[in-house]
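Novice: Each residue of the sequence shown is one higher than the one before, starting from 59 at the first, in the numbering used here. For each residue, glycine too, the CB sits at the ideal point set by N, CA and C. Model, not experiment: these values are computed from the prediction. Just dropping this structure here.
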Amino acid sequence: MLDAAPRVVLDPPLGVCTLGKTAREAAIVYDIYSQTMDIVLRATRLGGYQALSAKDIFDVEYWDLEQAKLRKGGKPPLFTGEVALVTGAASGIGKACVDSLLARGAAVIGVDIDPAIMQLHKRPDFIGLVCDVTDEPRLTQAIEHGVRAFAASTC
Numbered sequence: 059m060l061d062a063a064p065r066v067v068l069d070p071p072l073g074v075c076t077l078g079k080t081a082r083e084a085a086i087v088y089d090i091y092s093q094t095m096d097i098v099l100r101a102t103r104l105g106g107y108q109a110l111s112a113k114d115i116f117d118v119e120y121w122d123l124e125q126a127k128l129r130k131g132g133k134p135p136l137f138t139g140e141v142a143l144v145t146g147a148a149s150g151i152g153k154a155c156v157d158s159l160l161a162r163g164a165a166v167i168g169v170d171i172d173p174a175i176m177q178l179h180k181r182p183d184f185i186g187l188v189c190d191v192t193d194e195p196r197l198t199q200a201i202e203h204g205v206r207a208f209a210a211s212t213c
């Protein structure tokens, strides 16, 4: 049986929370959810929406070609599902650590006093924040920002 855990959680105070083993997976779930809800709303306005039967959904999920595709995925990278905080992440050793962690599957919160950190990577598993780590309240705020972002995507 495939993993039956929910991938989309709707919470009135928080909004939409999508889940995945990685930030990228959670972003894909969000895209699928957004498109599906748009289709459901449009179909409803046009006269009605009807989901597939449970049997049809099962047949799609357990179709031989779909199962073969899932098995082909291979072993996930070492740090899949982990979140790392890297200081001094805009250059030098810090940047190399960011790149290494991302390559090994981690989501990364990169902090640096250099504003270049915000443009370091444009991908769902990286957040670059300008932060002086000697400013404890600002560091706490940066960590909380990263936790909120990645907790919503990689629970």
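Give me the residue from Ala81, Tyr120, Ala101, Ile185 with the minimum Cα distance to Lys153.
Specialist: Working through the sequence shown from its first residue, we reach residue 153 at position 95. It is Ile185 whose Cα lies nearest to the Cα of Lys153.
Novice: Please name the residue or residues paired with Ala165 in a DSSP beta bridge.
Specialist: The sequence position of residue 165 within the sequence shown is 107, counting from 1. In the DSSP output, where bridge partners are listed per residue, Ala165 has Val141.
Novice: Do Gly132 and Ile167 count as a contact pair if the criterion is CB distance below 8 angstroms?
Specialist: Translated into the one-based positions of the sequence shown, residue 167 becomes position 109. Translated into the one-based positions of the sequence shown, residue 132 becomes position 74. Not in contact: Ile167 and Gly132 (Cβ atoms no closer than 8 angstroms).
Novice: Would you call the region 173-182 in contact with the region 108-125, where contact means no fewer than 3 C-beta pairs closer than 8 angstroms?
Specialist: With the cut-off at 8 angstroms, the region 173-182 and the region 108-125 do not touch.
Novice: Between Val144, Ser158, Leu159, which has its C-alpha nearest Cys189's C-alpha?
Specialist: One-based indexing of the sequence shown puts residue 189 at position 131. For Cys189, the nearest C-alpha among the options comes from Val144.
Novice: By the DSSP assignment, the beta strand (DSSP E) with Ile185 in it spans what residues?
Specialist: The residue labelled residue 185 in the question sits at position 127 within the sequence shown. Counting along the chain, the beta strand (DSSP E) containing Ile185 begins and ends at 184-188.
Novice: Taking the alpha carbon of Leu68 as the point to measure from, which residue in Val98, Leu77, Asp61, Pro135 has its own alpha carbon closest?
Specialist: Mapped onto the sequence shown, residue 68 falls at position 10. Checking every option, the nearest Cα to that of Leu68 belongs to Leu77.
Novice: Can you tell me where the beta strand (DSSP E) holding Leu99 begins and where it ends?
Specialist: Translated into the one-based positions of the sequence shown, residue 99 becomes position 41. Per DSSP, Leu99 belongs to no beta strand (DSSP E); it is in the alpha helix (DSSP H), 81-103.
Novice: Does Ala165 pass the burial test, meaning 16 or more other C-beta atoms within 10 Å, or should it be called exposed?
Specialist: If you number the sequence shown from 1, residue 165 lands on position 107. Classification for Ala165: buried.
Novice: In this structure, how does DSSP classify Pro64 when only helix, strand and coil are distinguished?
Specialist: Working through the sequence shown from its first residue, we reach residue 64 at position 6. Of the three classes helix, strand and coil, the one that applies to Pro64 here is coil, per DSSP.
Novice: What are the boundary residues of the alpha helix (DSSP H) that includes Val74?
Specialist: Taking the sequence shown and counting its residues from 1, the one referred to as residue 74 is at position 16. Here Val74 belongs to no alpha helix (DSSP H); instead the beta strand (DSSP E) covers 73-76.
Novice: Distance, Cα to Cα, Arg100 vs Tyr107?
Specialist: Position 42 of the sequence shown, counting from 1, holds the residue named residue 100. Position 49 of the sequence shown, counting from 1, holds the residue named residue 107. Looking at the two C-alpha atoms, the distance is approximately 9 angstroms.
Novice: Using a 10 Å radius around the Cβ and a threshold of 16 neighbouring Cβ atoms, would you call Ala84 buried or exposed?
Specialist: For the purposes of this step, residue 84 is taken as residue 26 along the sequence shown, with counting starting at 1. It counts as buried.
Novice: Would you identify the three-state DSSP class for Asp69, choosing helix, strand or coil?
Specialist: Here the question's residue 69 lines up with position 11 in the sequence shown. Reduced to three states, the DSSP call for Asp69 is strand.
Novice: For the alpha helix (DSSP H) containing Lys113, list its first residue and its last residue.
Specialist: Position 55 of the sequence shown, counting from 1, holds the residue named residue 113. Taken as a continuous stretch (DSSP letters only), the alpha helix (DSSP H) holding Lys113 covers 112-119.
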